[in-house]
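Written below as C-alpha cells is the structure these notes are about.
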Amino acid sequence: MESLTKVQSLSEKLNSIKEAGLSFNEIQLLKMLKIVVKKQEELLNNVKKAINGKRWSEVLGTALQLIQRCNMVMVYVMQPTIIGSINDPSLYESIDTLVETSTSCISELVTLLKHNSKDLGIESITMNLITNPLSVSVSITFK
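For what it's worth, the numbering used here labels the leading residue of the sequence shown as 57, then goes sequentially.
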C-alpha cells in the first residue's frame with residue numbers, strides 16, 4: 057500500500073522534529089499529529105491484513121474508520137487558528153504532507169473497496185472533495 061509508506065515516512069519526519077524552539081501550542085500540535093499519524097498507520101496495516109485474510113466486514117469497518125479519521129484531522133489542522141499559530145517551517149510542512157497523505161489514504165481505500173466491491177457486496181462508490189471544510193466525502197451503495 058503506497059499510502060502506508062507515505063504515512064510511515066511522515067511519522068519519521070514528525071519524530072525528527074525537535075521540540076526545542078517550538079512554542080507551547082506547536083509542541084501540543086506536534087504531539088497530537090504524532091498520535092494521529094500512528095493511528096493512521098495502525099489502521100492502514102489493519103486494512104492490509106484484513107484484505108489479505110479476505111475478512112470483508114473488517115476491511116469495510118476499518119476503511120470507514122480511517123476515512124473518518126483522515127477527514128477529522130484535515131478539518132482540524134486547516135483551521136485558521138491552527139495554521140496561524142505555526143511558526144516552525146518543518147511543522148507547517150508536516151501538516152501540508154499530512155493533508156496530502158490523508159487524501160491519498162482515502163483515495164487508495166476507495167480504490168481498494170472498488171476493486172473488491174463484489175466480495176464486499178458494494179454496488180457503487182462515489183467520492184467527492186469538499187473544500188470548506190476540507191474533507192473527502194465517500195458514499196457507498198450496497199446491493
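Backbone N, C-alpha and C fix where the C-beta goes; we use that ideal spot for every residue, glycine too.
*If Leu104 sits next to Leu60, beta carbons under 8 Å apart, how far is it from one beta carbon to the other, in whole angstroms?*
What sits at residue 104 in the sequence shown is Lys, not Leu. At roughly 7 Å, the Cβ-Cβ gap stays under 8 Å, so Lys104 and Leu60 are in contact.
Look up Phe198 in the DSSP assignment and give the residues it is bridged to.
Ile178
Is it right to say Asn127 is buried, meaning 16 or more other beta carbons lie within 10 angstroms of its own, or is it exposed?
-> buried
Original post:
Taking all protein chains shown into account, do 16 or more other C-beta atoms lie within 10 angstroms of the C-beta of Ala119, making it buried, or fewer, making it exposed?
Top reply: buried
Inset, instruction - Would you kindly work out how many angstroms separate the C-alpha atoms of Ser146 and Thr137, rounded to a whole number? - result: 18 Å
(Q) Here's the rule: buried if 16 or more other CB atoms are within 10 angstroms of the residue's CB, otherwise exposed. What is Ile196? (A) buried
* To do: Answer yes if the segment 100 to 114 comes into contact with the segment 69 to 76, meaning at least three C-beta pairs across the two stretches below 8 Å, and no otherwise.
  => no
### Task
Pick out whichever of Asn172, Leu190 and Glu179 has its Cα sitting closest to the Cα of Trp112.
Asn172
For this session: Taking Gly140 as part of the alpha helix (DSSP H), name the residues at either end of that continuous run.
Result: Pro136 to Gly140
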